[in-house]
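Structure first, then comments.
Given below as C-alpha cells:
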C-alpha cells in the first residue's frame, strides 16, 4: 500500500503514482474521492513562510525563478496564517518567539501541515544554548523535517514533495489526522516539567549540564 | 518631510586629518604610538586615567568611573578631539573571575579619523553602575539597554533602561555573565513552559496600553487576564 | 530654499498638482520649517484626539525578519513608534566564549546571513589582528573579492525585498536570479551557497578552483546589465519616486549622533565608509567611489545602494586583474593546519594537526576591535583573549542594531505605508540585530 521508494524513481510526480488500496470499510467511491481531495490539497499547498533567519533566504531562493515553487502550486505565500495550508518554519526559533509560533499554528485552519526547514527549526541546530528552542516539534506538530544549514532549495523541494506524498496517503475518514491536539493536564500522557527533567537528566539538557563539552 | 528641502552639505570624514589612511600592516601586539587623545585627556583630567594601554594599533584608556562622563563629553565637544561618533558600548567579564568587569566605549573621530577605547573597571562585589552617555550620543540608547540586558549593568541617566533582547521579566539572569551557564539556569522543559506560558494577550505592555487609553475598552475578562496574569512585557 | 528635482518619466498617481507627494505630516513639537500641509478637515470630530495602537509583527513579511513595531497612530499618521527586537536572540556572543577562533567562523555566517562571506572576512581580520599576523597578498585580494561579492548579494536581497514591500515584485526575481550566479561562484569556491565559512585565521578554507576567475569575469560582464534593467524599472518610475522621496529624512548631524553607518549614513550626506577612512585589505589601493546622497530619504538610500553595487563590480574587476599567485595561507604552524597529505603521513604533522584542531590556535592576551564596511554599515568584531584558544569575550558591533534604533525618529509624522518603506530602506537583518 502506498508508495515505495522504487515507484518514485523519476516516473511522474509524487501525487500521481500513489496506489490507493482500499482499507476495510472503504469502497471505490471513497478512494476516488480521497484521491481527488488529496490531489487538490497536495498540489495547492499555500505556504505560510515563518521565516526567521538564513533558511528564509534559501526559502526565498526556492520561490524565485531558478527553483520556482510556483510549479508546486506554492507561489501564493500566505502571510496570514488564516489563509495558509503549510507552515514552513525556516530558521531558528528563540524562546521569545516560541509563543508566537504556537499562536500562528493555532490560527491556521485545518487541514494544516508543518515543515521544519533547517537544522535549527528541527533540533535547535548549532544553537544549543539558553536562548533557542531545541526543535519546534516541542511546540507544534511537525510533518516533515528538512535537514541542512541551510538546506539547498532542492532539499526543501524534496521535503515538500515528501509532504505531498504524505498528503496523498491520507484518508478523509480518519479523524486523528485533523485532531487539534491540545495539552491536557488530566490526560495520562501529560508529563509535568519536573518529571521531564528527571527522565531527561541522563541525557543532558537538564539544569545540571551533564553534557561533556559545553 | 516633503519633497522640497534643502540638500544637505556633504561631510567628508577626515577633514582635519593629516595622514592618508592606509591598511595597517605589521601591527605590533603590544606597544606602539599612543593616540594624541591619550595625552590630551591626561592633561585635561589629571589623575582620572588609571592606565593607558597601546595594543594592536589601538589606544585604550582605563578611566575612573567618576570622571568617565565628563571625559567622554569633553572628547566629544573639544574641537581638537572631536570624537563625535559613538561606535559601540559593551562590557567584558573575564574568565578569571577575580578580575573586574570592564565597561567599554568605542569612540571614533570622523574629523581626524581616529579611534579610541575607554574603559571603566568595576571590581567584583561593587554595584554594576556607570553613567549613561545617552545625553551625549543617541546611539547609546539601545547599546546601553543591551549591555544592561546581557550583564546587568545599570546606566544611570538612561531614560528607558529595560531589557531589549530578552523579554522584560526574564527570570534566569544576565546571560553574558560568566556564572550564567551556556544552556541557561532552567531546564529545557522549564524554559519552554515559561516561554509558552507567556500570555499572548498581554502583547502590549501596560505602558503602551495606557498611552492609547485602550485599556478601558478591552473586554473585562481580557483586562483581568492582563492585569493579573504573567506578562510577556515585551 | 533649494528645490530637489528628480526626473520622472511616466504620468503620476499620488502626486499633487504641485508635483509634491500628497502627505499630511504631523510634526511633534511644532513645525519650524513651515513644511506641513494643512490637514484635511476631520470627518468625525468625536474621534479626534484618540490614538490607536497598531502592532506590526513580529511575524510579518514586510519587516525583514522578526521585528515588532508598535505604532501609536493618530488616524493614518504615526505619532510614535516603539520597536521591539530580540525575537531572534540566539546567544551568539555567549556561545562564542565556548568555541575556538576557527570554530566561531560558522557563527559569523549566521548572524548577518546576507553577508556571510563578508562576515567571515571581517572576523578573520579581527582574529588575525588579535594574533598579530599578516595574511598573504593572494589571500588579501581574494578576501576583497569575497567581500564585494557579498556586498552585491546583500544589496540584491535588499533591493528585492524593498521592492516587494513597496509593491514591485519583478526586481525581486531579477535580483534573486543574479544571486544565483553569485551562489554558483561561492559554491564553486567553498562548497556552500549561503553560509560559507570561507575564511580561517591566517588564510582561507580553500583556494579558488581552476576556471573560477573566468566565471567571475563572466559575472562582472553580465551583472551591470541587470543593474541597468532594475534601474530602468525603478529610478525614474513616478510611482517609485512618489513612494520614496521625502521619507524618513535624517539630517547629517543627527545621523552621526545616532551612530548610523553604511548607506543609511551616506544617503544623509556623511561620506563615512570604513573602506576609505579606516582601510583594511588594501582598499586604499583600489580605485572606487563612495556614493553619497544629499537628501537623506529613502530614495537617496536606494540610489546609494544601487551605485554601490556598480562600484563593487568595479572593485571586483580590479581585484581579478591584480590577483597574485602564491600561497593562500600564511606559513605559521601555530595557526594553520598542515596539508592533508603530510598530516596523514608524517607523525609530526599529525600531532600538529591534532593540536590545532583539538585545542586551537591561542592568541596573545589582549583585545582587539576591527571594523569593516559591511553592506549594512560599520560591522565590528571586538575580541578579548585571555591567552587560551577560546575568546573571553566576543562582541559583534551590529550596524543594523544601531541603525534600527533611529527608526522612531525617522517614522514620526509619516503614514503607515511609509513606515514599511522606511523600515525597508534601513536594510536590517534581524540575525545581526538580535544575535
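Protein chains in written order, with this note's numbering: chain A, 1 to 214; chain B, 215 to 448; chain C, 449 to 883.
Glycine is no exception: its CB is placed at the ideal position from the N, C-alpha and C atoms.
| Check | Outcome |
| --- | --- |
| Once DSSP output is grouped into helix, strand and coil, what is the label at residue 75 (chain A)? | coil |
| Cα-Cα, which of B:227, B:285, B:406 and B:236 is closest to residue 133 (chain A)? | B:406 |
| Going by the CB atoms, is the gap between residue 365 (chain B) and residue 305 (chain B) shorter than 8 Å? | yes |
| Suppose you measure from the CA of residue 816 (chain C) to the CA of residue 340 (chain B); what does that come to, to the nearest Å? | 27 Å |
| Helix, strand or coil for residue 793 (chain C), going by three-state DSSP, please let me know. | coil |
| Here's the rule I'm using: 16 or more other beta-carbon atoms within 10 Å means buried, otherwise exposed. How should residue 688 (chain C) be labelled? | buried |
| Tell me which residues share the same chain as residue 493 (chain C) and place their Cβ nearer than 8 Å to its Cβ, disregarding the 5 neighbours each side in the sequence. | Caution is warranted here: a pLDDT of 47 is assigned to residue 493 (chain C), below 50, making its placement in the model unreliable, and the coordinate value is therefore given only provisionally. So the list is empty, once near-sequence residues are dropped. |
| Quick one: using the 10 Å Cβ neighbour count with 16 as the cut-off for buried, is residue 751 (chain C) buried or exposed? | buried |
| In the structure shown, what three-state DSSP assignment does residue 368 (chain B) receive? | strand |
| Flag this pair as touching only if the region 370-377 of chain B and the region 714-729 of chain C have three or more C-beta atom pairs under 8 Å; answer yes or no. | no |
| Cα-Cα, which of A:40, A:87, A:42 and A:192 is closest to residue 137 (chain A)? | A:87 |
| Which residue comes first and which comes last in the alpha helix (DSSP H) that contains residue 184 (chain B)? | No statement about residue 184 (chain B) is possible, as the shown extent of chain B runs from 215 to 448 and does not include it. |
| Taking Cβ-Cβ distances shorter than 9 Å, what residues in chain C pair up with residue 336 (chain B)? | Within 9 Å Cβ-Cβ: nothing; residue 336 (chain B) doesn't reach chain C, min ~15 Å. |
| Less than 8 Å separating the beta-carbons of residue 606 (chain C) and residue 875 (chain C)? | yes |
| Is the Cβ of residue 763 (chain C) closer than 8 Å to any Cβ of chain B? | no |
| Classify residue 126 (chain A) as helix, strand or coil using the three-state DSSP reduction. | coil |
| In the DSSP assignment, find the unbroken beta strand (DSSP E) run with residue 831 (chain C) in it and report its ends. | 825-833 |
| If contact means a Cβ-Cβ distance below 7 Å, which residues of the region 76-98 of chain A contact chain B? | 95, 96 and 98 |
| Classify residue 559 (chain C): buried if its beta carbon has 16 or more other beta carbons within 10 angstroms, exposed otherwise. | buried |
| If you measure between the beta carbons of residue 243 (chain B) and residue 814 (chain C), is that distance less than 8 Å? | yes |
| Check whether the Cβ atoms of residue 586 (chain C) and residue 774 (chain C) sit closer than 8 Å, and answer yes or no. | yes |
| Note down, one range per segment and in chain order, each alpha helix (DSSP H) of at least 4 residues found wholly within the region 303-375 of chain B. | 354-365 |
| Are residue 636 (chain C) and residue 657 (chain C) close, meaning C-beta to C-beta below 8 Å? | yes |
| Nearest to residue 316 (chain B) by alpha carbon, out of B:332, B:328, B:324 and B:326? | B:332 |
| DSSP beta-bridge partners for residue 526 (chain C)? | C:521 |
| Short of 8 Å in beta carbon distance, which residues of its chain neighbour residue 36 (chain A), apart from the five on each side in sequence? Order them along the chain. | none |
| Could you give the residue range of the beta strand (DSSP E) that holds residue 818 (chain C)? | 814-822 |
| From the DSSP secondary-structure annotation, give me the bridge partner or partners of residue 94 (chain A). | A:132 |
| Ends of the beta strand (DSSP E) at residue 113 (chain A)? | 113-117 |
| Measuring alpha carbon to alpha carbon, tell me which residue in B:403, B:352, B:338 and B:280 is nearest residue 310 (chain B). | B:338 |
| Quick one: Cα of residue 631 (chain C) to Cα of residue 279 (chain B), how far? | 49 Å |
| Can you name the start and end residues of the alpha helix (DSSP H) that residue 600 (chain C) belongs to? | 585-614 |
| Check the Cβ of residue 240 (chain B) against every Cβ in chain C and list those closer than 7 Å, keeping chain order. | 582 |
| Mind checking which residues open and close the beta strand (DSSP E) that includes residue 231 (chain B)? | Unbroken run through residue 231 (chain B): none, as it is neither H nor E. |
| Per DSSP, what kind of secondary structure is residue 489 (chain C) in: helix, strand or coil? | Any reading at residue 489 (chain C) must be qualified, since the residue scores a pLDDT of 47, below 50, and its modelled position is unreliable; no value is offered. |
| Return the CA-CA distance between residue 290 (chain B) and residue 350 (chain B), expressed in angstroms with no decimal places. | 8 Å |
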